[in-house]
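In this note's numbering, the protein residues as written are -6 to 423.
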Amino acid sequence: MTLAIEWAEKYRPQTLKDIVGNRRAVQDLRTWAEKWLSGIPERRAVILHGPAGVGKTSTAHALARDQGWEVIELNASDQRTAGVIERVAGSAASMNTFFGGKRLIILDEADNLHGTADRGGMRAIAGIIKNTFQPIVLIANDVYGLTPTIRNLCLEIKFGSVQSRSMIPALKKICENEGVLCSLDAIQQLAEGAGGDLRSAINDLQAAASGRETLNVEDISTSGRDVKENIFKAMQKIFKSTDCKKALEAARGLDESPEDLVHWIDENLPVQYASKDGSLEDIRTGFGYLSKADLYLGRVKKRQNYSMWRYASMLMVCGTAISKTKPYPGFIKYQPPSLWRRMGQIRSKRDLRDNIASKIGEHSFESIRYSRNNLLELYSRMLKDEKTAIEITAKLGLELEELVYLSGSTKASKKLQKIYDQAQELLLKG
């Protein structure tokens, strides 16, 4: 078994039929592409957006193969100033191919056009889209990272996380092709642990299978736990020690950037240094060091000068370690940053809302924005009638979590589960 090639690349889908999950998004893209066969459609460009690793770029390339289109691609590793975009993408968009066919222009990570190097890139893209004679695909993790002008010019197609049950057949096939005997439990563990990211699941499979002919659940089940143990052990050394050198060694052994580590320390410092006499001196001193570290992190981001990470790390780690005026014995259960949890919850709810709005918009022939602002509340009220709720769930193709969100509930009650199940039966009957 050779690991010379990344399996995620080796088994990249060759046609749209090979794409795992996101069938609706794939069909929407295919429908858009077919409009180019009879002229120039109203929407000359499309935005494929959604989480990393769910197949957006693979889908764009598979589309080009299915249609027999030439591909011109600009990604984040290319210099993407306005001049480069106009010279490469602009020329490709305005000229026909040698044999008169179409060429697909792909701009990957289009939401990452930031900073001096990419200045003017967004304006250049908008201008190219308005005048292109060739189909254009923009790929983004966060559609809100694109300007409103670009979004208004494009058809937006949302890709969701790939469900674990959809990943399992794909992972099994890779194992068979690579000659690895992998238990179903192990494959299921990989699929469920990937968080909807198929590329990560394939990468994890390749890493776990390295040097093995058989793969069991025991071979992969500890990877996530080890990461957590490392960060918790490091936090303990930083908070319990007064030795700056030992604290720094613990921090350097982590697979965490200083930007992430400062959130861990910020979250747990007031709990670790809570004094029985009510004194806030150590907490105040510790946060003083964190604020200074944050200044350096801000300079890293602003100037792209990563050498300043060293100063930020010393301030946050050593500062926290030496800010104690007394030892704090006892066990503390360190918590991940609550900011991350809140951001994850907000992003998850926003994605649910926008996905529902997209389905409502498609059903009512309205834009996502109009559906989000004007129709969500209406459909939510309509769910109060059980019969209507079943019809809406079936017609919109709502998933259970989308039904829960639209109903205003916090969890799937027996009533909502019943509505969802009956909607599925309705769909099966046709």
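Note that beta-carbon positions come from the ideal geometry of N, C-alpha and C, so glycine has one too.
The alpha-carbon separation between Val136 and Gly390 amounts to approximately 23 Å. Taking Ala387 as the centre and dropping the five residues before and after it, the same chain places the C-beta of Ala416, Leu419, Leu420 closer than 7 Å to its C-beta, in chain order. Boundaries of the beta strand (DSSP E) harbouring Ile65: 63 to 67, taken from the DSSP string.
Sequence-distant Cβ neighbours of Ala202 in its own chain, meaning closer than 6 Å and more than five residues away, are Val173, Leu208. With fewer than 16 other beta carbons inside 10 angstroms of its own, Phe358 counts as exposed. The alpha-carbon separation between Ile167 and Tyr413 amounts to approximately 34 Å. When the alpha-carbon of Ala187 is set against those of Ile213, Gly204, Leu139, Cys175, the nearest one is in Ile213. Taking the Cα positions, Asp178 is about 27 Å away from Ala405. Excluding sequence positions up to five before and after Ser316, its CB lies within less than 7 Å of the CB of Asp275, Thr278, Gly279, Tyr282, all in the same chain and listed in chain order. Ile132: member of the beta strand (DSSP E) spanning 129 to 133, first to last residue. DSSP places Lys352 in the helix class (H, G or I) of the three-state scheme. Here the alpha carbon of Arg343 sits roughly 10 Å from the alpha carbon of Ala350. Under the three-state reduction of DSSP, Val47 is assigned to coil, being neither helix nor strand. Closest in alpha carbon position to Leu191, among Ala163, Asn170, Gly204, is Ala163. Taking 8 Å as the cut-off, the Cβ atoms of Ser157 and Ala184 count as close.
Here the C-alpha atom of Glu27 lies approximately 41 Å from the C-alpha atom of Ser176. It is roughly 36 Å from the alpha-carbon of Met301 to the alpha-carbon of Leu41. The region 112 to 129 makes no contact with the region 2 to 18, as fewer than three CB pairs between them are under 8 Å.
Secondary-structure assignment with DSSP links Val136 through no beta bridge to anything. Here the alpha carbons of Leu131 and Val397 stand approximately 31 Å from one another. Nearest Cα to Ser331 within the set Gly291, Met307, His256, Lys269: His256.
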